[in-house]
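These notes are about the structure you will find just below.
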Amino acid sequence: MTDAVLNNSLGQDDQNKALLDIVIKRREPAYSVFVDGLRIYGYEDIANDLKCDFSPSPTSAHLLKLKANMTSDEFHFLDPTVEKNSLSDWNVPLYKVRLQKNYLKIITDVQHENIVDHLISREVLSVDNGKKIDSGKTPQEKNRNLMDMLLRKSEQGFNEFLKALRKDSIYADLAEQIEKTEVTSTDMATFHKCLK
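Right under this line is the structure:
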């Protein structure tokens, strides 16, 4: 089966089932790509369920069960009528969701000075950024300014932020908590909506 078969199927459910037929026939390599695709496009819960259920490799029976239970609502990202832009919008960086989920703890528990100094020394932030952060009237406002900047930075900025937290033993547990924060498809959807 090819893309042409998927595009010529009658409805979305038929397209989804045709895709699963391909996965069933091609076995492990196609299965891994399929599960990774689910995860990339915000279906972390489904991908995790499939990874758990089918470790180390899927059986046709498991995939046939998934195919039988599949609805178009669960897999609407496979719909070719969905705009390409909206599809790529779902590719929200996990580190941004992790920062957002720990936002309150960061703005209330962290002393920003050493962290900002570290981020400036690593060229994640500029000296002007540091001044803007310090312009906040309260420690929480300063941390809000810091978080606002971090959420606009790359993953390198996030990693340097974690390094800065780990430099101070008081914040080592917080760094670990942030790094290991579970991100679900619901979290991705919520963050995606906030970006609009």
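Mapping the sequence shown onto this note's numbering, position 41 (from 1) lands on 202, and the numbers just tick up by one.
Every residue gets a Cβ at the ideal spot worked out from N, C-alpha and C, and that includes glycine.
Within 10 angstroms of the beta-carbon of Leu280 lie 16 or more other beta-carbons, which makes it buried. Beyond the five residues adjoining it in sequence on each side, Lys292 comes within less than 8 Å, by CB distance, of no other residue in the same chain.
Rounded to the nearest angstrom, the Cβ distance from Val285 to Lys266 is 20 Å, too far for a contact under 8 Å. In the three-state scheme derived from DSSP, where H, G and I count as helix and E and B as strand, His273 is classed as coil. Within 10 angstroms of the beta-carbon of Gln317 lie fewer than 16 other beta-carbons, which makes it exposed. For the set Leu180, Lys262, Asp175, Val253, the Cα lying nearest the Cα of Arg200 is the one of Val253. Residue state for Arg283 is assigned as coil, using DSSP reduced to three classes. Annotation for Pro300: the continuous alpha helix (DSSP H) segment containing it runs 300-311. The three-state reading of DSSP puts Gly297 in coil, since its state is none of H, G, I, E or B. Residue range 255-262 is occupied by the alpha helix (DSSP H) that includes Val258. With contacts defined by Cβ atoms closer than 9 Å, Leu255 and Val196 do not form a contacting pair. A direct Cα-to-Cα measurement between Leu260 and Ile331 gives close to 18 Å. Here DSSP, grouped into helix, strand and coil, assigns Val288 to helix. Burial state of Glu321 is buried, judged by a 10 Å Cβ sphere holding 16 or more other Cβ atoms. Taking a cut-off of 8 Å on C-beta distances, the region 335-351 does not touch the region 305-314, as fewer than three cross pairs fall below it. Distance from the Cα of Ala336 is smallest, within the candidate group Ile276, Ala350, Asp206, for Ile276.
Residue environment: Lys328 is assigned as exposed (fewer than 16 neighbouring CB atoms within 10 Å of its CB, all protein chains considered).
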